[in-house]
Amino acid sequence: MSELTDLGIAAIRDGVAKGDFTATEVAQAFNAAVAEANPALNAFIVTTPDHALAAAQRVDAARAAGQPLGKLAGVPIGMKDLFATKGVQTTAASHFLEGFVPPYESTVSQRLWDAGAGMLGKLNLDQFAMGSSNETSAFGNVISPWRAAGDNAGRAPGGSSGGSSAAVAARIAAAATGTDTGGSIRQPAAFTGISGIKPTYGRCSRWGIVAFASSLDQAGPMARDVTDCAIMLEAMAGFDAKDSTSLDLPVPAWSAQLSDDLKGLKVGIPREYRIDGLNADVAKSWDDGIAWLKDAGAQVVDISLPHTRYALPTYYIIAPAEASSNLARYDGVRYGLRDLPEGAGLQDMYAATRAAGFGSEVKRRIMIGTYVLSAGFYDAYYTQAQKVRTLIARDFEEAFRQVDVILTPTAPSAAFVLGQKSDDPLEMYLNDVFSVPASLAGLPAMSVPAGVDRQGLPLGLHLIGRPFDEQGVLNAGLAIERRAAFTARPEKWW
Amino acid sequence: MSSYRIQGATGEWEVVIGLEVHAQISTQAKLFSGAATAFGAEPNTQVSLVDAAMPGMLPVPNAECIRQAVRTGIAIGAVINPWSRFDRKNYFYADLPQGYQISQLYHPLVGEGAVTITPDDKKPDETKVIGVERIHVEQDAGKLMHDQHPTMSYVDLNRSGVALMEIVSKPDMRSPAEAGAYLAKLRTILRYVGSCDGNMDQGSMRADVNVSVRRPGEPFGTRTETKNVNSVRFVMATVEYEASRQVDVLEAGGKIVQETRLFDPDTGTTRSMRSKEDAHDYRYFPDPDLLPLVLQPAFIEECRASLPELPDAKRARYETALGLSAYNAGVLTAEAETARWFERLIAESARRQGKTEAEVARAASNWLTSELFGALNKLGRTLSDSPVSPEAGAELLALVGDGTISGSIAKQVLEKMLESGDAPGVIVEREGLKQTSDTGAIEAAVDAVLAANADKVEQYRAGKEALFGFFVGQTMKAMQGKGNPQLVNQVIKARLG
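Chains as they are written, first to last, in numbering that gives the first Met the number 0: chain A, 0 to 493; chain B, 0 to 496.
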């Protein structure tokens, strides 16, 4: 038998259920792997081996007592440090929340614990989920376990869920939670050769997740493969009365209905995504994806999403606007950092606290957001962006009259070298060019590994589905997964 | 209609007033959290994670708050918007945990309505209709406490997130009296509806007073807004002071600055708080944590059906169906509680006396407004803590009605009821206050009075008929007020021929 840490959700769950190994053994193996790797990868901000062990011991006891086991019984996962975890520091990778220990548990994390999962630790991320490389974290960037052939330069694990992607790819977590506002699950999944799905907006409760942009934020699983994503999403999703935007719909049995038989399915290829200067390896992987889906029985159709080129500017108005307001609560009055210079008044305290508590990318977005909402600019920016957002959603509605899912690349390139883009925010924002439109429309979308580029770095393919049709997205993802036969994994250098 | 004018040095000025009234919605829980709303609780004991704006917390609208605002809207005949939306009003302050207030700027819950006022109590038939622009719901802020520590301020978040209705009038008022009458009438309506307790001294209701002046017939002048005025009297004082201050400024060749002002109850004056230039840019935008509020027709109908009879309708019914004077009808309907008391009184009176409510209503209304109110007033009490119940009042009225006691004895009995809390029948029995209808006893008493006042009898017979009342009074006095007044009259008339 291979090492326990090579196993994903389904294999661990089944092995524990059958008695091939105990949940405690699994937790111990992952705890050890985390302890060994984290100094090099910096994937976890804090580790919680006791949490993982305690959950595993409960599962083993339940099994011994003949009690039914949950969907994720015995599976140790990493929790993105954007989810509030009761009694465990929750920072959003910000200095502001350093040392903040919430007295409450987010709905999604609670559901995962209820399903029998255990927590290995809180995963690093871009500060307040703002970033595409994990370089905005106040706790140092994550280093991807992947390296280009013949090149030891540290690579970005993607962002914002970069701790999640690195941990899953490095086999130090069986799976991890992510959140996706404009691509923060999908782009890091693509960069690290794993699968990740952002479900339809409203599937997963936002209650207890530190807010970035409320109308876009969605939690989702990041895992070794499509099946694991389906299982984990079933545990995470579901109506929550504490979130007004939560979908009041039953959670389908996605994993039980997985099928890579795509006969009768129509797959749209949006011509606007074939941008000028598209990376040749990315273009090739897209063509591979088209061929695989045809092989699975799907019919491929060229489609148009005419407002695509406005998606990125629209996103970079709406998301900062919401963020500028959502982050106003970090004011030094009630919790978190307070910087109170000698003789300071209230306004001075705000200024000092927020200057010290937020990193430069967060400040940039707060400033952009404040600007686009301000009197005299509101209509030209925010109102206009909302209109364009509606047009983008309409593009998809039109397209989904002709096709069932849409296939695109996940990101315009493979993982870049850390530091390469950190001085150029616009260059960095372009990472989201393929992922942002689905976010603006609230659609389910996932990234699955499709192969490696000429440097040996993973590339992802991106599937976008109709609202509520996670099944269609997962099935198309499974068809690609089976045909891509992606087996590459990072060589252990840590 | 209003002829209220300010006499300036250069001629007459007219004042234009609009009120934004903040009314706390009477509910157990806050607008977007489950936290309780008890007044006067220990600081920071009525605070949920949502109210403290902890990371990741989300607002969920409280349906009861929405229901009460809709009921209020229907009560003022307003348009109920089946689609409305919450917006964020962004600003930093220590009493505002989220860094924004959730309000409704662009699409309020309730549209245009109206409130009919009676600016002068003494002229109950002169009414004026004041337009209401809108009612929206929003969160209240917390409270800063500056007296707890020598160098620091403390924050109490008990009020943070409490549901308010902001009721915005049109600039339809033209005198301090009209502004006062509007606020008082609004409070009456809110109390009838039950959507706000109207307790202005506890901050449940407060008004932002917008005042401008102009030459009669000219366009509106520049207005000032005086914030958080918390009584009817202070609203009237604010208008009076602001209007004359503005006239002075204009007549001295100055300009009115659009600004926010504060009212000082100690001096009755207002002072500048901040000018338009310093005004916040609130960066309103739709709250992305909340879906638009969509009301189903059945919900609105349920709100409508749940409304009690409202003050204007009740007042009209008291006048027409019960035959009360306009004054009494006005007094008895001014507070929902008074009307409820009165209605129990006449229901019980009618039952005891075997009459219809309409037959007993006039006497009952007179007794309540003059006798009981007067007596309670002397004791410094109100109807809500009256020792006399409507049932006891009805028993007393029935004793007068069936001739057991006279009206003047009834006054004595009421005093004893207020002192002892005993039932009137018990008091009459114990104190022997029953009216005498024994003709023999009355004749004896009359004869004694006439014999003792032979000179007056002479004068009466000579034409000084006014002395009749004297004989009645003397007889009643001799009988300790217990003689049946009708019989006493008859006997005296017969004896004097």
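For each residue, glycine too, the CB sits at the ideal point set by N, CA and C.
Keep in mind the model is a prediction, meaning the values are calculated, not measured.
- Bridge pairing for K142 (chain B): B:D155 [DSSP].
- Leaving aside the five residues that flank P307 (chain B) on each side, the residues in its chain whose CB is nearer than 7 angstroms to its CB run, in chain order, Y191.
- By the rule that beta-carbons nearer than 8 angstroms mark a contact, N43 (chain B) does not touch chain A.
- Counting every other CB atom within 10 Å of its CB across the protein chains shown gives T319 (chain B) a total below 16, marking it as exposed.
- For V154 (chain B), the chain A residues whose Cβ falls inside 7 angstroms of its Cβ are V332, in order along the chain.
- By the neighbour-count criterion, in which a residue is buried when 16 or more other Cβ atoms sit within 10 angstroms of its Cβ, S2 (chain B) is exposed.
- Residue state for N123 (chain A) is assigned as coil, using DSSP reduced to three classes.
- Beta bridge pairing from DSSP links A304 (chain B) with no other residue.
- Within the segment 287-305 of chain B, those residues whose Cβ lies closer than 7 angstroms to any Cβ of chain A are, in chain order, P287, D288, L289, L290.
- Between the segment 365-372 of chain A and the segment 335-352 of chain A, the count of Cβ pairs shorter than 8 angstroms is below three; the stretches do not touch.
- Taking a cut-off of 8 angstroms on C-beta distances, the segment 407-422 of chain A does not touch the segment 382-396 of chain A, as fewer than three cross pairs fall below it.
- If you ignore the 5 residues before and after R154 (chain A), its C-beta comes within less than 8 angstroms of the C-beta of I142, S143, W145, R146, A147, F190, A414, F415, V416, L417, L456, all in its own chain and listed in chain order.
- In summary, no residue of the segment 262-284 of chain A has a CB separated from any CB of chain B by less than 8 angstroms.
- Taking the Cα positions, I44 (chain A) is about 11 angstroms away from S93 (chain A).
- Straight-line spacing of the CA atoms in G141 (chain B) and L30 (chain B) works out to 14 angstroms.
- Under DSSP, the beta-bridge partners assigned to W82 (chain B) are B:V293.
- Within 10 angstroms of the beta-carbon of D403 (chain A) lie 16 or more other beta-carbons, which makes it buried.
- Taking a cut-off of 8 angstroms on C-beta distances, the segment 181-188 of chain A does not touch the segment 51-65 of chain A, as fewer than three cross pairs fall below it.
- Boundaries of the alpha helix (DSSP H) around F395 (chain A): 383-401.
- L321 (chain B) is positioned such that its CB atom lies closer than 8 angstroms to that of E356 (chain B).
- Collapsing the DSSP output to three states places G252 (chain B) in coil.
- Judged by DSSP in its simplified three-state form, P287 (chain B) adopts coil rather than helix or strand.
- Contact annotation for Y349 (chain A) against chain B: F91 [CB-CB distance below 8 angstroms, chain order].
- For F38 (chain B), there are no neighbours in chain A by C-beta distance under 7 angstroms, as the nearest C-beta there is about 23 angstroms away.
- With respect to the 8 angstroms criterion, D227 (chain A) and A9 (chain A) are classified as neighbours on the basis of their beta carbons.
- Counting of Cβ neighbours within 10 angstroms places A315 (chain B) among the exposed residues, the total staying below 16.
- The Cβ atoms of A116 (chain A) and P101 (chain A) do not sit closer than 8 angstroms to each other.
- T71 (chain B): member of the alpha helix (DSSP H) spanning 62-74, first to last residue.
- Sequence-distant Cβ neighbours of D119 (chain B) in its own chain, meaning closer than 7 angstroms and more than five residues away, are E125, A176.
- The residue among A:A168, A:K85, A:R465, A:A234 with its C-alpha nearest the C-alpha of E397 (chain A) is A:R465.
- When Cβ-Cβ separations below 8 angstroms define contact, A52 (chain B) makes contact with chain A.
- Bounds of the beta strand (DSSP E) holding S102 (chain B) are 99-102.
- In this structure the segment 25-44 of chain B lies against the segment 150-163 of chain B, because at least three pairs of beta carbons, one per stretch, are closer than 8 angstroms.
- In the displayed model, G219 (chain A) falls within a strand according to three-state DSSP.
- Using a Cβ-Cβ cut-off of 8 angstroms, D280 (chain B) counts as an interface residue toward chain A, since at least one Cβ of chain A sits closer than that to its own.
- Under the Cβ distance rule, R133 (chain B) does not count among the residues neighbouring chain A, no pair being separated by less than 8 angstroms.
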